[in-house]
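K.L.:
Before I ask anything, here is the structure I am working with.
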Amino acid sequence: MFGYVRPLRDELKVRDWENYRACYCGLCYTLRKRYGYWACMLVRYDATVLACALWQGEVGPTVKRHCPGNPLKRKCTCARSDALDRCADASVLLMVAKLQDEVVDGRRWKKWLAWLMLKLLWRARRKARRALPAVAERLDEMNHRLHALEAEQSRSLDATADTFAAVMAAVPPENQPQSRAWKQLCYHIGRWIYLMDACDDLDKDRREGNYNAVASRFELTDGQMPDEVKTQMAETAGASMAASAAAHALLADNGFSPVLLNVLYLGLPAMQQKVLFCPHPGECHEKEKM
Numbered sequence: 004m005f006g007y008v009r010p011l012r013d014e015l016k017v018r019d020w021e022n023y024r025a026c027y028c029g030l031c032y033t034l035r036k037r038y039g040y041w042a043c044m045l046v047r048y049d050a051t052v053l054a055c056a057l058w059q060g061e062v063g064p065t066v067k068r069h070c071p072g073n074p075l076k077r078k079c080t081c082a083r084s085d086a087l088d089r090c091a092d093a094s095v096l097l098m099v100a101k102l103q104d105e106v107v108d109g110r111r112w113k114k115w116l117a118w119l120m121l122k123l124l125w126r127a128r129r130k131a132r133r134a135l136p137a138v139a140e141r142l143d144e145m146n147h148r149l150h151a152l153e154a155e156q157s158r159s160l161d162a163t164a165d166t167f168a169a170v171m172a173a174v175p176p177e178n179q180p181q182s183r184a185w186k187q188l189c190y191h192i193g194r195w196i197y198l199m200d201a202c203d204d205l206d207k208d209r210r211e212g213n214y215n216a217v218a219s220r221f222e223l224t225d226g227q228m229p230d231e232v233k234t235q236m237a238e239t240a241g242a243s244m245a246a247s248a249a250a251h252a253l254l255a256d257n258g259f260s261p262v263l264l265n266v267l268y269l270g271l272p273a274m275q276q277k278v279l280f281c282p283h284p285g286e287c288h289e290k291e292k293m
């Protein structure tokens with residue numbers, strides 16, 4: 004995942020921020036337990052918010068555990084849950100897909116590094132595919148479709164954004180009372196992530212000669228977005244934000260509802276403003292201290 008989906012910390016109550024941190028650290032712990040210490044590097048804000056959305060009931064009691072980043076410090080973490088397990092498995096699958104894409108499109112040293120990492124991750128990939136077969140199958144389908152769209156230099160934002168959005172929509176469990184709302188929420192957040200990533204990587208993709216959906220759609224060749232393009236992208240991405248908020252309104256409240264409301268109504272608009280109007284493209288979502 005990419006790190007764009009996060010709450011606006013200044014607008015959260017201390018209790019809700021602590022719950023969000025506990026979920027973040029809980030995801031890190033789950034990755035570590037399921038895949039080993041190396042997997043702690045895969046923890047992302049996007050997956051944490053997804054776990055908050057899939058959480059059922061109250062947050063529950065937290066457990067203090069040693070932090071791999073600072074072994075002398077103990078942090079509060081959420082207890083293991085189905086939501087954290089699913090998001091941990093999805094994080095591995097998405098990382099594998101990103102490395103596979105790097106093998107195809109990356110420069111020489113990045114290509115070989117990605118190939119080496121894929122060889123090292125074969126056991127984790129196999130385990131994650133067994134845990135989430137529907138997500139793995141959808142990811143394979145969408146990767147094939149995306150490569151076809153890239154090969155033809157597709158100018159359709161909807162067709163390309165749907166590839167990542169459909170994978171995100173496959174993460175929630177099936178046959179649950181809230182499955183349909185979960186899928187809609189994840190779909191539109193996934194679509195928004197893809198659009199923001201394309202905008203953020205506009206100049207980088209130009210320099211490396213990679214396909215970029217925004218550049219192709221608006222025929223941009225200099226790695227910069229004119230104001231009218233920024234306005235259109237804000238409207239397109241804004242539609243996904245509105246749809247994700249509408250899907251969330253159909254979900255039952257849980258212990259992370261204040262966090263999710265903050266993300267949908269404050270965090271996403273703030274990040275979109277940064278990505279579209281940041282004076283230094285590609286540097287708009289630096290890591291916060293947890």
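Position one of the sequence shown corresponds to residue 4 (the working numbering), numbered consecutively onward. The beta-carbon is built from N, C-alpha and C at its ideal position, and this holds for glycine as well.
Are there 16 or more other CB atoms within 10 angstroms of the CB of residue 153, so buried, or fewer, so exposed?
P.N.:
The residue is buried, with at least 16 neighbouring Cβ atoms inside 10 Å.
K.L.:
Mind checking whether residue 20 and residue 259 have CB atoms under 8 Å apart?
P.N.:
Taking 8 Å as the Cβ cut-off, residue 20 and residue 259 do not qualify as a contacting pair.
K.L.:
Any contact between the region 171-184 and the region 113-129? By contact I mean 3 or more CB pairs, one from each, below 8 Å.
P.N.:
The region 171-184, when compared against the region 113-129, does not touch it at the 8 Å Cβ threshold.
K.L.:
Which first and last residues belong to the beta strand (DSSP E) in which residue 79 is found?
P.N.:
Residues 73-80.
K.L.:
Identify every residue that forms a DSSP beta bridge with residue 70.
P.N.:
Paired residue(s): 73.
K.L.:
How would you label residue 74, buried or exposed, when you count the other beta carbons within 10 angstroms and need 16 or more for buried?
P.N.:
Residue 74 comes out exposed.
K.L.:
Inspect the CB distances between the region 103-116 and the region 133-143 and report whether three or more fall short of 8 Å.
P.N.:
The region 103-116 vs the region 133-143: no contact.
K.L.:
Let's test the definition: count the other Cβ atoms within 10 Å of the Cβ of residue 178 and tell me whether it reaches 16, buried, or not, exposed.
P.N.:
Its Cβ having fewer than 16 others within 10 Å, residue 178 is exposed.
K.L.:
Assuming residue 33 is part of the alpha helix (DSSP H), what are its boundary residues?
P.N.:
17-38 is the extent of the alpha helix (DSSP H) around residue 33.
K.L.:
Could you name the residues of the same chain whose beta carbon sits closer than 6 Å to that of residue 290, not counting the 5 residues immediately before and after it, in chain order?
P.N.:
With a pLDDT of 48 at residue 290, under the threshold of 50, the predicted position of this residue should be treated as unreliable, and no value is reported.
K.L.:
Could you check which residue in 10, 66, 237 has the C-alpha nearest to that of residue 53?
P.N.:
Comparing Cα positions, the closest option is 10.
K.L.:
For a test of the three-state rule: what should DSSP assign to residue 170, helix, strand or coil?
P.N.:
Of the three classes helix, strand and coil, the one that applies to residue 170 here is helix, per DSSP.
K.L.:
Shortest alpha-carbon distance to residue 182 belongs to which of 214, 251, 220?
P.N.:
Nearest of 214, 251, 220 to residue 182, Cα basis: 251.
K.L.:
Below 8 Å on the Cβ atoms is my contact criterion, and I expect residue 29 with residue 257 to pass it. Report the Cβ-Cβ distance as a whole number of Å.
P.N.:
Between residue 257 and residue 29 the Cβ distance is about 14 Å, and since that is not below 8 Å, they are no contact.
K.L.:
In chain order, what residues of the same chain have a beta carbon less than 8 Å from the beta carbon of residue 88, not counting five sequence neighbours either side?
P.N.:
These residues qualify, in order along the chain: 33, 37, 134.
K.L.:
Hey, would you say residue 247 sits closer than 8 Å to residue 196, going by beta carbons?
P.N.:
Taking 8 Å as the Cβ cut-off, residue 247 and residue 196 do not qualify as a contacting pair.
K.L.:
Evaluate residue 276 with the Cβ neighbour count: other Cβ atoms within 10 Å of its Cβ, from every protein chain shown; 16 or more gives buried, anything less gives exposed.
P.N.:
It counts as exposed.
K.L.:
So residue 95 packs on residue 81, CB below 8 Å; how close in whole Å?
P.N.:
That belief does not hold up - the Cβ atoms of residue 95 and residue 81 are roughly 19 Å apart, past 8 Å.
K.L.:
Apply the 10 Å Cβ neighbour rule to residue 161 and answer buried if 16 or more other Cβ atoms are within range, or exposed otherwise.
P.N.:
Flag for residue 161 reads exposed.
K.L.:
By Cβ distance below 6 Å, which residues in the same chain neighbour residue 243 in space, the five residues on each side in sequence not counted?
P.N.:
Contacts found: 191, 194, 195.
K.L.:
By Cβ distance below 8 Å, which residues in the same chain neighbour residue 77 in space, the five residues on each side in sequence not counted?
P.N.:
Same-chain partners within the cutoff: 67, 68, 69, 70.
K.L.:
Can you tell me whether residue 204 is buried or exposed, with buried defined as 16 or more other CB within 10 angstroms of its CB?
P.N.:
Label assigned to residue 204: buried.
K.L.:
Could you give the first and the last residue of the continuous alpha helix (DSSP H) run that contains residue 103?
P.N.:
Run containing residue 103: 85-108, per the alpha helix (DSSP H) assignment.
K.L.:
Helix, strand or coil: how does DSSP classify residue 200 here?
P.N.:
Helix.
K.L.:
Can you tell which of 278, 149, 249 has its C-alpha closest to the C-alpha of residue 214?
P.N.:
Here the closest residue by C-alpha is 149.
K.L.:
Rank 167, 200, 255, 210 by C-alpha distance to the C-alpha of residue 180 and give the top, closest one.
P.N.:
Comparing Cα positions, the closest option is 255.
K.L.:
So what's residue 252 in DSSP terms, helix, strand or just coil?
P.N.:
Note: residue 252 maps to coil in three-state DSSP.
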